[in-house]
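Structure record follows, encoded as structure tokens.
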Amino acid sequence: MVSLSDLSQSLLLVRQEMVVSQKKLGEFCEALKQYLKNVSAQRDCFHVTAVRLPDGLSFVVYEFWDGEEEWKRHLQSAPIKTFQHVKVDTLCQPEAVSTVAVPAAWCSLNRE
């Protein structure tokens, strides 16, 4: 049974969509793999995953953070700064980033 306090909690869903240059695909994929590994180990990140779209050059990264403040702290961390540098060198166009708050109760994964 979900308590009333659980219903009021939310997670911040961050969506990054990126289109990679064909020539830089290998470099991007290695950096993405390392970024996902680093972010998944962070305490305030509930879940992170990446999807490669059928065109083979487009990627979407989904990150669920415990809140906006936790995500903003993450933006100052070494893993994202390192990944940002790689994105500057490998993307065909600026990434598209969007955020939305989602009820924590929607996430059925066990957080413990």
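Heads up, the numbering used here is the position in the sequence shown plus 1007, with the first residue counted as 1.
For every residue, glycine included, the Cβ atom is placed at its ideal position computed from N, Cα and C.
Computed from a predicted model, the values in this text were never measured in an experiment.
- prompt: Can you tell me whether lysine 1094 is buried or exposed, with buried defined as 16 or more other CB within 10 angstroms of its CB?
  reply: As a first step, residue 1094 is located in the sequence shown; it is residue number 87 there, counting from the start. By the beta-carbon neighbour count (other beta carbons within 10 angstroms, threshold 16), lysine 1094 is buried.
query: What number of angstroms, rounded off, separates the C-alpha of glutamine 1023 from the C-alpha of glutamine 1016?
result: For the purposes of this step, residue 1023 is identified with residue 16 of the sequence shown, where counting begins at 1. For the purposes of this step, residue 1016 is identified with residue 9 of the sequence shown, where counting begins at 1. Their backbone Cα atoms lie some 23 Å apart in a straight line.
query: Where do the ends of the alpha helix (DSSP H) carrying cysteine 1036 lie?
result: Your numbering for residue 1036 matches position 29 in the sequence shown. Note, cysteine 1036: alpha helix (DSSP H), 1032–1047.
- request: Spell out a yes or no on whether the region 1028–1045 and the region 1071–1083 are touching, meaning 3 or more CB-CB pairs, one atom from each, closer than 8 Å.
  value: Under the 8 Å Cβ criterion, the region 1028–1045 does not count as touching the region 1071–1083, having fewer than three qualifying pairs.
- request: With proline 1110 as the anchor, note down where its beta strand (DSSP E) starts and where it stops.
  value: Within the sequence shown, the letter at position 103 stands for residue 1110. Note, proline 1110: beta strand (DSSP E), 1103–1110.
Arginine 1050: first and last residue of the uninterrupted alpha helix (DSSP H) it sits in: Here the question's residue 1050 lines up with position 43 in the sequence shown. DSSP places arginine 1050 in no alpha helix (DSSP H); its state is neither H nor E.
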